[in-house]
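Below is one structure, written out as structure tokens; the observations come after it.
2 protein chains.
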Amino acid sequence: MPEPTELVISSRRIHDGRICNLREDTVELSNGRTALREIVEHDPVVAVVPLDENGDVILVRQYRLAAEEALLEVPAGLVDPGEALEAAAQRELREETGYRAANLRRLAGFFVSPGFCTEFIHVYLATGLSESPLDGDEDEDIRVERMPLVEAVRLVEEGAIKDAKSVVGILMASDRSSR
Amino acid sequence: MPEPTELVISSRRIHDGRICNLREDTVELSNGRTALREIVEHDPVVAVVPLDENGDVILVRQYRLAAEEALLEVPAGLVDPGEALEAAAQRELREETGYRAANLRRLAGFFVSPGFCTEFIHVYLATGLSESPLDGDEDEDIRVERMPLVEAVRLVEEGAIKDAKSVVGILMASDRSSR
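Sequence lines, in order, name chains E and D.
Be aware that the first sequence starts at 4, since it is given in the working numbering, and climbs by one per residue.
Be aware that the second sequence starts at 4, since it is given in the working numbering, and climbs by one per residue.
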């Protein structure tokens with residue numbers, strides 16, 4: 004049995020923005036029907052789980068308007084056009100926490116919500132940390148918080164850490180470091 | 004030190020769609036600067052990890068236009084307006100797999116991408132499965148696939164299962180069932 008597919012018949016652009024675009028595609032399904040699909044276009048993202056030599060993870064707290072609250076997350080940001088993933092991971096880590104990593108190891112990669120959004124997040128474990136600050140985005144107000152990885156896992160399980168990249172990154176970092 | 008916040012000064016609606024809306028807010032940061040924030044509004048979602056008495060997980064494969072490929076995922080869907088989360092979880096499970104669950108246990112909840120999107124996914128573990136089909140959405144072409152939970156964990160680690168709700172759900176279901 005062939006894989007299910009959808010053939011795009013027409014596409015209408017609704018918005019071209021700064022961090023996302025929106026279009027509406029008309030598709031033909033494998034059963035012959037047609038359907039509308041709203042697609043939010045979003046550049047890829049890198050997220051970093053920075054783990055120091057004491058087993059502490061370095062997290063960032065910032066207000067998230069979409070969540071209507073301040074969230075505690077792993078450092079992350081958009082990959083610049085043409086930028087290599089590992090270079091983007093080092094840059095975001097330096098901008099948001101002031102550290103650079105001697106070692107980056109890929110933990111996971113995932114679509115955040117593939118039913119409508121193209122955003123894909125690449126998650127790295129960063130170790131061998133040393134201070135190396137880099138000025139970040141003036142539009143961001145970010146506070147650094149450090150805690151044992153096991154405490155971060157507890158916050159994930161309690162639902163206090165609650166965004167996809169941080170949940171995935173912290174759970175996978177914990178799995179790796181316990182093997 | 005107070006939590007960082009952002010005060011919305013003005014808001015412009017760009018699109019009101021079927022599964023998402025888009026607006027652009029102007030905010031005042033705690034440092035006094037103003038910034039623009041594009042916000043995609045999306046209703047909450049329930050995702051279900053259905054685990055049968057043999058330790059097999061029931062997954063669904065469907066084409067995802069935003070990912071430009073067919074993905075293997077846990078069953079999931081939008082919560083209808085006014086619908087309770089557990090009722091939505093049972094409905095989506097029946098529509099997409101033909102099973103209902105005697106037991107639902109909450110595993111996690113997370114924002115998919117809180118930098119710009121309001122979507123929050125509630126993830127449940129479903130056990131005590133029995134056949135109870137319910138007609139689903141005619142706009143969807145969904146294939147059911149069953150495999151041992153340990154095999155699904157392997158596919159997550161290899162990156163073959165690669166969407167946020169499925170990665171989180173399968174990792175947390177595996178953690179729970181190994182304790």
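Glycine included, every Cβ here is placed at the ideal spot set by N, Cα and C.
Quantities reported herein were computed from a predicted structural model and do not represent experimental measurements.
According to DSSP, is residue i helix, strand or coil?
i	result
D:L25	strand
E:S177	helix
D:R36	coil
D:L10	strand
D:E160	helix
E:E86	coil
D:E41	strand
E:E95	helix
D:E31	strand
Around the Cβ of residue i, are there at least 16 other Cβ atoms within 10 angstroms (buried) or fewer (exposed)?
i	result
D:P117	buried
D:A69	buried
D:R97	buried
E:S1	Since the first residue shown for chain E is 4 and the last is 182, residue 1 of chain E is missing from the structure and cannot be characterised.
D:A105	exposed
D:T121	buried
D:E76	buried
E:G172	buried
E:R108	exposed
E:A50	buried
D:A163	exposed
E:R67	buried
E:G58	exposed
D:P84	exposed
E:T100	buried
D:D144	buried
D:G80	buried
D:E9	buried
D:R21	exposed
D:V156	buried
D:V159	buried
D:V153	exposed
E:E95	buried
D:R36	exposed
D:R103	buried
My guess is that residue i and residue j are in contact by the Cβ rule of under 8 Å, so how many angstroms apart are they, rounded?
i	j	result
E:V30	E:R40	6 Å
D:L74	D:D166	6 Å
D:V11	D:D28	5 Å
E:L128	E:V52	5 Å
D:M175	D:L110	4 Å
D:E88	E:H18	With the sequence shown as reference, residue 88 of chain D is identified as Leu, and Glu is not the correct amino acid for it. That pair is no contact at about 31 Å.
E:V82	E:V48	7 Å
E:V63	E:P78	5 Å
Which residue marks the beginning of the beta strand (DSSP E) containing residue i, and which one marks its end?
i	result
E:V147	146-151
E:E76	72-76
E:T130	123-134
E:L110	102-114
D:P53	48-53
E:I164	Looking at the DSSP string, E:I164 is not in any beta strand (DSSP E), and its letter there is neither H nor E.
E:V63	59-67
D:A79	79-81
Positions along the stretch 89-123 of chain E whose CB lies within less than 7 Å of some CB in chain D: A111, G112, F113, F114, V115, S116, P117, G118, F119, C120, T121, E122
Short-range partners of chain D found in the stretch 20-42 of chain E, where Cβ spacing is below 8 Å: G20, R21, I22, C23, L25, E27, D28, V30, L32, S33, N34, R36, A38, L39, R40, E41, I42
Could you run through the stretch 46-68 of chain E and flag, in chain order, every residue whose CB is less than 9 Å away from some CB of chain D? V48, R64, Q65, Y66, R67, L68
Chain E contacts made by the stretch 143-172 of chain D, where a contact means CB separation under 9 Å: E143, D144, I145, R146, V159, E160, G162, I164, K165, D166, A167, K168, S169, V170, V171
What are the residues of the stretch 6-20 of chain D that lie near chain E, defined by any Cβ-Cβ distance shorter than 8 Å? E6, P7, T8, E9, V11, I17, H18, G20
Using a Cβ-Cβ cutoff of 7 Å, what residues of the stretch 70-86 of chain D are near chain E? List them in chain order. A70, A73, L74
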